[in-house]
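Peer 1: Mapping the sequence shown onto the numbering used here, position 101 (from 1) lands on 443, and the numbers just tick up by one. Right, I'll just put the structure down here and ask away after.
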Amino acid sequence: MSCVVHLRNLRYAYPDGRAALRGVNLQIEHGERVAVLGPNGAGKTTLMLHLNGLLSGEGELEVGGADRETLHELRRRVGVVFQDPDDQLFMPTVREDVAFGPLNLGLARAEIGERVDEALGQVRMLHAAPRAPYQLSMGERRRVAIATVLAMRPQVLVLDEPSASLDPRARRELLGILDGIDRTMLLTTHDLPFAAELCERAVILDAGRIVADRPTLELLGDAELLARHDLELPAGFDLARIAPPARVAA
Numbered sequence: 343m344s345c346v347v348h349l350r351n352l353r354y355a356y357p358d359g360r361a362a363l364r365g366v367n368l369q370i371e372h373g374e375r376v377a378v379l380g381p382n383g384a385g386k387t388t389l390m391l392h393l394n395g396l397l398s399g400e401g402e403l404e405v406g407g408a409d410r411e412t413l414h415e416l417r418r419r420v421g422v423v424f425q426d427p428d429d430q431l432f433m434p435t436v437r438e439d440v441a442f443g444p445l446n447l448g449l450a451r452a453e454i455g456e457r458v459d460e461a462l463g464q465v466r467m468l469h470a471a472p473r474a475p476y477q478l479s480m481g482e483r484r485r486v487a488i489a490t491v492l493a494m495r496p497q498v499l500v501l502d503e504p505s506a507s508l509d510p511r512a513r514r515e516l517l518g519i520l521d522g523i524d525r526t527m528l529l530t531t532h533d534l535p536f537a538a539e540l541c542e543r544a545v546i547l548d549a550g551r552i553v554a555d556r557p558t559l560e561l562l563g564d565a566e567l568l569a570r571h572d573l574e575l576p577a578g579f580d581l582a583r584i585a586p587p588a589r590v591a592a
């Protein structure tokens, strides 16, 4: 398998001089689903924002052959879904929100319509196309936010805390939707069971460094490792009930 995401010695410090990333090395192959785990303040969101050039530090960063020197191409290859869907939804209707990105690519009207229908269909929200985003539940808005990114047809889908603030039903629905999306996927999450069910591989980021990189179920089965990095599975959660996630074909 070829490498679609390549990070080598990635470093970043905030304007006040505080180091957020301290030499991150990470490679992700086409079709992999990788969960980035870690305590608050570990650098997870900072890492995510580097992947499409919203932040730019030192070191090597390449996604699908694009890097920070070709920022436009980098952003076409990487689609980022933020934790708060309201950061991405601002048009009067769901359809207009999902069409916004393709419209700015200068695509023909017919292709824009095709992409909008395809993306909304992937997240099971085609029925909501004429509705205003504010009328939707948190889970529905998050699915629409994912559709706005899918409409751009990125190579890599990056999600920041996708299951945050969702009730059990909405979380389960989202898990099923993401499981059916044919994309290389990287997600940051505190929801360890969600990572176990979706991602075949997980890394732990702590204090700006990757300190573990293993198959997800193996990593989550190491209680001592999790404890060292302020992570723990919910009480009573049984990893043995989780089938190893299968790689999606690239």
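Ideal Cβ positions, reconstructed from N, Cα and C, are used throughout, including at glycine. Owing to the predicted nature of the structure, the values given are computational and were not obtained by experimental measurement.
Quick check on Gly407: does DSSP put it in helix, strand or coil?
Peer 2: Correct three-state label for Gly407: coil.
Peer 1: How would you label Ser479, buried or exposed, when you count the other beta carbons within 10 angstroms and need 16 or more for buried?
Peer 2: Exposed, because fewer than 16 other Cβ atoms sit within 10 Å of the Cβ of Ser479.
Peer 1: So the candidates are Leu581, Tyr356, Ala355 and Ile370; which of them puts its Cα closest to the Cα of His348?
Peer 2: Comparing Cα positions, the closest option is Ile370.
Peer 1: Strictly by DSSP, which residues pair up with Thr412?
Peer 2: Thr412 is not bridged to any residue.
Peer 1: By how many angstroms is the C-alpha of Thr435 removed from the C-alpha of Ala489?
Peer 2: Going by the C-alpha atoms only, they are around 13 Å apart.
Peer 1: Compute the distance between the beta-carbons of Asn367 and Ile552, then report whether it is under 8 Å.
Peer 2: A contact, by the Cβ cut-off of 8 Å.
Peer 1: Under 8 Å between C-beta atoms, does Asp548 make it to chain C?
Peer 2: The structure shown has no chain C; it contains just one protein chain.
Peer 1: If you check the beta carbons only, do Arg360 and Arg353 fall under 8 Å apart?
Peer 2: It is not a contact, given that the beta carbons lie outside the stated cut-off.
Peer 1: On the three-pair Cβ rule with 8 Å, is the segment 529-536 touching the segment 454-468?
Peer 2: Segments in contact, no.
Peer 1: DSSP state of Arg513, grouped into three classes?
Peer 2: Correct three-state label for Arg513: helix.
Peer 1: Would you please state the rounded distance, in angstroms, between the beta carbons of Gly563 and Leu540? I believe it to be under 8 Å.
Peer 2: At roughly 17 Å, the Cβ-Cβ gap does not stay under 8 Å, so Gly563 and Leu540 are not in contact.
Peer 1: Do Val420 and Val440 have their beta-carbon atoms positioned less than 8 Å apart in this structure?
Peer 2: In this structure, Val420 does not lie closer than 8 Å to Val440 by Cβ.
Peer 1: Would a C-beta distance cut-off of 8 Å place Asn394 and Arg410 closer than the cut-off?
Peer 2: In this structure, Arg410 does not lie closer than 8 Å to Asn394 by Cβ.
Peer 1: Measure the Cβ-Cβ separation of Thr530 and Thr387 and say whether it is below 8 Å.
Peer 2: Against a cut-off of 8 Å, the Cβ pair of Thr387 and Thr530 comes out as a contact.
Peer 1: Put Val440 into one of helix, strand or coil per three-state DSSP.
Peer 2: Val440 falls in the helix class under three-state DSSP.
Peer 1: Distance, Cα to Cα, Arg466 vs Asp358?
Peer 2: C-alpha separation (whole angstroms): 43 Å.
Peer 1: Run the CB neighbour count on Glu336, radius 10 Å, all protein chains shown included, and call it buried at 16 or more, exposed below.
Peer 2: This structure does not reach residue 336, given that the chain is present from 343 up to 592, and the question cannot be answered.
Peer 1: From Asp572 to Val500, what does the alpha carbon distance come to, in whole angstroms?
Peer 2: Spanning the two alpha carbons is a distance of roughly 23 Å.
Peer 1: If distances are taken between C-alpha atoms only, which option among Ala549, Tyr476, Val545 and Leu559 comes closest to Ile584?
Peer 2: Here the closest residue by C-alpha is Leu559.
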